[in-house]
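Here the protein sequences come in this chain order: Z and F. So for the first sequence, my numbering puts the first residue at 963; every next one is plus one. So for the second sequence, my numbering puts the first residue at 199; every next one is plus one. All C-beta atoms in this analysis are idealised placements derived from N, C-alpha and C, irrespective of residue type, glycine included.
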Amino acid sequence: MMEKLKLGVFELTDCGGCALNMLFLYERLFDLLEFYEIEEFHMATSLDGGTHYDVALVTGTVSTRRDLNLLKDVRNRSDYLIALGTCATHGSVQASVEMPIREKLKAVYGDGGNPMGALDSKPVVEYVAVDFALPGCPYDKEEVYQALIDIAKGVEPVRKDYPVCLECKLNEYECVLVKKGLPCLGPITYGGCNAVCLRSGLGCIGCRGPLPGEVNPAGEYEVLKSLGYDEEYILRKFKTFSRWEP
Amino acid sequence: MIIETREFTRVEGNGKAEVVIEDDEVKDVRLKIIEGPRFFELLTLGRHYRDVPDLEARICAICYLAHSVASVIGIERAFGVEVPEEVSLLRELGLIGEFLESHSLHLYLLVAPDLFGYPDAIRMASRHGELVREGLAIKAFGNRLRVLVGGREIHGINVKPGGFGRYPTVEELERIERESEALLRLAKRSVRLFARLQPYGARAGHFVATDGYLWGERLISDEGGKFHYTERIEERSPVYSFAKQSHYMGETFLVGALPRLLLKSSMLTPTARRLFEEHGEKLETGYVSYNNLAQAIELVYSIERAKEIARRLLDRGIEGENVPVEPREGEGIGYVEAPRGVLIHHYRMDASGNVTYSNIITPTALNHAMIEASLLTEARGLYGETDEGEMVKRLEETVRAFDPCISCSVHLVNL
Ligand code: SF4
Ligand code: SF4
Chain Z
963 MMEKLKLGVF
973 ELTDCGGCAL
983 NMLFLYERLF
993 DLLEFYEIEE
1003 FHMATSLDGG
1013 THYDVALVTG
1023 TVSTRRDLNL
1033 LKDVRNRSDY
1043 LIALGTCATH
1053 GSVQASVEMP
1063 IREKLKAVYG
1073 DGGNPMGALD
1083 SKPVVEYVAV
1093 DFALPGCPYD
1103 KEEVYQALID
1113 IAKGVEPVRK
1123 DYPVCLECKL
1133 NEYECVLVKK
1143 GLPCLGPITY
1153 GGCNAVCLRS
1163 GLGCIGCRGP
1173 LPGEVNPAGE
1183 YEVLKSLGYD
1193 EEYILRKFKT
1203 FSRWEP
Chain F
199 MIIETREFTR
209 VEGNGKAEVV
219 IEDDEVKDVR
229 LKIIEGPRFF
239 ELLTLGRHYR
249 DVPDLEARIC
259 AICYLAHSVA
269 SVIGIERAFG
279 VEVPEEVSLL
289 RELGLIGEFL
299 ESHSLHLYLL
309 VAPDLFGYPD
319 AIRMASRHGE
329 LVREGLAIKA
339 FGNRLRVLVG
349 GREIHGINVK
359 PGGFGRYPTV
369 EELERIERES
379 EALLRLAKRS
389 VRLFARLQPY
399 GARAGHFVAT
409 DGYLWGERLI
419 SDEGGKFHYT
429 ERIEERSPVY
439 SFAKQSHYMG
449 ETFLVGALPR
459 LLLKSSMLTP
469 TARRLFEEHG
479 EKLETGYVSY
489 NNLAQAIELV
499 YSIERAKEIA
509 RRLLDRGIEG
519 ENVPVEPREG
529 EGIGYVEAPR
539 GVLIHHYRMD
549 ASGNVTYSNI
559 ITPTALNHAM
569 IEASLLTEAR
579 GLYGETDEGE
589 MVKRLEETVR
599 AFDPCISCSV
609 HLVNL
């Protein structure tokens, strides 16, 4: 039998969703364990962790000094590091609070200074080089499954390069932007979720971050403007999950 | 001397504890929530009400729907919106899905390894595979309810003020009715398993819950009477933690499955009530380790109730109409029972429907002082009696009994 790859799952500051989503693989998690040995995964195991990881999954934003130290340490001890989820790739919601950390702390905790080393939330990709970035708040679990299988087989996982809008059309959902005038970010958001929110007839809120390349945020802005949404509303919506772009 | 535990494992989020020893006695225990702050109240400030529930969902993945629903109720109360029975029943169904998903994760994957002496459920599965799979089956069912009501397993955006983006179909509801029938047996078995737990931790000074089983207009406690959180609960910020601590009229208190059963057993479904009565003596002692037993009984409640709701909706038919929501200046509080206990979303809105004030208090923040008190009791009993490694392990189990959600606990504000 081939030797199993050593896998670590590390959580920085986040909602826990991207770590939890691994457990939602259910039986497929056991399939992954044919290829991988879980060395560290705080949410799921009390094992103490190894010294070296073939693959490390890092979720969350760097929001404290502890997060930063952990991230650097994991980077040094792993061969292949995946920034997993929109927190890790774009900063997600907590990074969109645009105040300096001192002011934020003061507003929430009062005048205690910063004894625990809080930092302004930034995505993992701002601090270290990553081998693969998989966005989504949370990411689609099929994608992480496929990426881990690819890596185990020595194949480089593929990044999606089309918007949510395309998946919406393929599913033949009604366009909520045109038909209902809802603010939908589908045209400019990374595809890969199978346009799941459009199934509910609701506009995409952009949780997978902006698709770089040919897409046209300026065009999207104009469309929303013509639908009557004001500038501040639109800009905040654009930046909610992606104040930091990789 | 200070004994520091490593970061807790098999809990949600990042935290650890320090045991302060002076003159060979345990003087104090500090629970340190080291997860970074996420500033949710600042995030929602100034935002339009329609976007708020989806943002608040991101506070926590395990109980995202409780956050969405609390947020939606807070917003509706601020605007004076009333929703019909159909919408309420569906919200309840979603919250029940969350109870199932969260409790089964906690009991089968996080606590059961302690009962059998394994570091995790994956290793435990080699000897107790059937048990792990039973837990996963309940969890998957819970998640299907979350998808149905919330739109996705995690962070769905289907729950809106006034109703839903999409309503379930007759076939989907029939399937839920059938599946719940089959799962009830598994849930009953879990009660027997978790009834084996020993008492540990501290006994709470008080118990607090919402006045309805899954949400309410006000809070209730063991002292009687209904109240708003501002009347009896007080928050403080310790310097060593990103989470605040709360006290009930100056004393420690507990929220969660155990307080729900103790304060609201009359609202349980028939089988759950029988099980509650069977184990009532243990539960009444109020030790936090029995919170796990209470969660197992709630698995039974949730499955029975899911079936009742599906039937009720099928009998009355789904109309799928949302109630119109007209923003106006106002203030509203949403009290919801998240799986881990009372969750509070409090908002003030301006006339165009933007948030001007927001305060969110999560179950783990409410339990924070109680967790510390339990650690102190345990550390006092264990120090000198067992070696340090064993003590640290038992402390970790004590924290786990609360099913803490550390990610949730780190953002509270009074602006
Ligand atoms: S990306 Fe979203 S789901 Fe993942 S950890 Fe961050 S907030 Fe949670
Ligand atoms: S449709 Fe948009 S908001 Fe919904 S999951 Fe996909 S990217 Fe996220």
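Taking the alpha helix (DSSP H) that residue i falls in, what are its first and last residues?
i       : result
V1070/Z : I1063 to Y1071
V347/F  : A319 to G348
T562/F  : P561 to L580
E1060/Z : E1060/Z -> no alpha helix (DSSP H), and no H or E assigned at all.
R289/F  : E283 to S302
L982/Z  : G979 to L985
L1164/Z : Counting along the chain, L1164/Z falls outside any alpha helix (DSSP H), and DSSP gives it neither H nor E.
S269/F  : Y262 to F277
Y488/F  : Y488 to R514
K1034/Z : R1027 to R1039
K386/F  : V368 to F392
Using CA coordinates, which residue listed in the options is at the minimum distance from residue i?
i       : options                             : result
E535/F  : R514/F, V368/F, K462/F and A323/F   : K462/F
A276/F  : N552/F, E529/F and P537/F           : E529/F
H689/F  : F237/F, V267/F and V224/F           : Limits of chain F in this structure are 199 at one end and 613 at the other, which puts residue 689/F out of reach.
N983/Z  : V1020/Z, F997/Z, Y1101/Z and F972/Z : Y1101/Z
N1156/Z : R1170/Z, K966/Z and C1130/Z         : C1130/Z
S378/F  : K505/F, P468/F and L452/F           : K505/F
A215/F  : V209/F, G292/F and K230/F           : K230/F
L541/F  : I374/F, I431/F and E351/F           : I431/F
Y533/F  : V218/F, A264/F, M199/F and E328/F   : A264/F
G1163/Z : E1207/Z, P1149/Z and C1137/Z        : C1137/Z
Within the continuous beta strand (DSSP E) that includes residue i, where are the two ends?
i       : result
E529/F  : G528 to A536
E223/F  : E223 to I231
M547/F  : G539 to M547
Q443/F  : Q443 to Y446
H404/F  : H404 to T408
S1083/Z : A1080 to P1085
S419/F  : L417 to S419
Y1183/Z : Not the beta strand (DSSP E): Y1183/Z falls in the alpha helix (DSSP H), residues P1179 to S1188.
Using a Cβ cut-off of 7 Å (strictly closer), state whether residue i contacts chain F.
i       : result
G979/Z  : yes
T975/Z  : yes
V971/Z  : no
S1204/Z : no
H1004/Z : yes
T1048/Z : no
Y1191/Z : no
R1037/Z : no
L982/Z  : yes
V1055/Z : yes
R990/Z  : no
F986/Z  : yes
L1007/Z : Note that residue 1007/Z corresponds to Thr in the displayed sequence, not to Leu. Closer than 7 Å: yes.
T1051/Z : no
Would residue i pass as an interface residue toward chain Z - the criterion being a Cβ-Cβ separation below 7 Å?
i      : result
F237/F : yes
G234/F : yes
L240/F : yes
D226/F : no
D318/F : yes
L334/F : yes
V611/F : Residue confidence is low: V611/F scores 36 on pLDDT, short of 50, so the model does not pin down where it sits. Its coordinate-derived value is still stated next. So yes, V611/F belongs to the interface.
Q. According to a CB-to-CB cut-off of less than 8 Å, which residues of the segment 1073 to 1102 of chain Z neighbour chain F?
A. Flagged, chain order: G1074, P1077, M1078, A1080, L1081, S1083, C1099 and P1100.
If the cut-off is 8 Å on Cβ atoms, which residues from the segment 1059 to 1070 of chain Z count as contacting chain F, listed in chain order? Answer set for the segment 1059 to 1070 of chain Z: V1059, M1061, K1066, L1067, A1069 and V1070.
Between the segment 1154 to 1182 of chain Z and chain F, which residues of the former have CB atoms less than 8 Å from a CB of the latter, in chain order?
So the close ones are V1158, C1159, R1161, S1162, G1163, L1164, I1167 and C1169.
task = Compile a chain-ordered list of the residues in the segment 349 to 369 of chain F whose CB is closer than 7 Å to at least one CB of chain Z.
result = Of all residues in the segment 349 to 369 of chain F, those with a C-beta nearer than 7 Å to a C-beta of chain Z are G349, R350, E351, I352, H353, I355, N356, G363 and R364, reading in chain order.
Interfacial residues, the segment 245 to 270 of chain F to chain Z, with Cβ spacing under 8 Å: Residues R245, H246, D249, D252, L253, R256, I257, C258, A259, I260 and Y262.
Check: For the segment 203 to 216 of chain F, which residues have a CB atom closer than 9 Å to at least one CB atom of chain Z, in sequence order?
Finding: Within the segment 203 to 216 of chain F, the residues whose Cβ lies closer than 9 Å to some Cβ of chain Z are R204, E205, F206, T207, R208, V209, E210, G211 and N212, listed in chain order.
Which residues, in chain order, does the segment 1010 to 1027 of chain Z contribute to contact with chain F at a C-beta distance below 7 Å? Those residues of the segment 1010 to 1027 of chain Z that come within reach of chain F (Cβ to Cβ, closer than 7 Å) are S1025 and T1026.
*Taking any Cβ of chain Z, which residues in the segment 283 to 303 of chain F have a Cβ under 8 Å from it, in chain order?*
Answer set for the segment 283 to 303 of chain F: L303.
**Asked** Going along the segment 390 to 410 of chain F in order, which residues come within less than 9 Å of chain Z, judged by CB to CB distance?
**Response** Listed by position along the chain: nothing, the set is empty.
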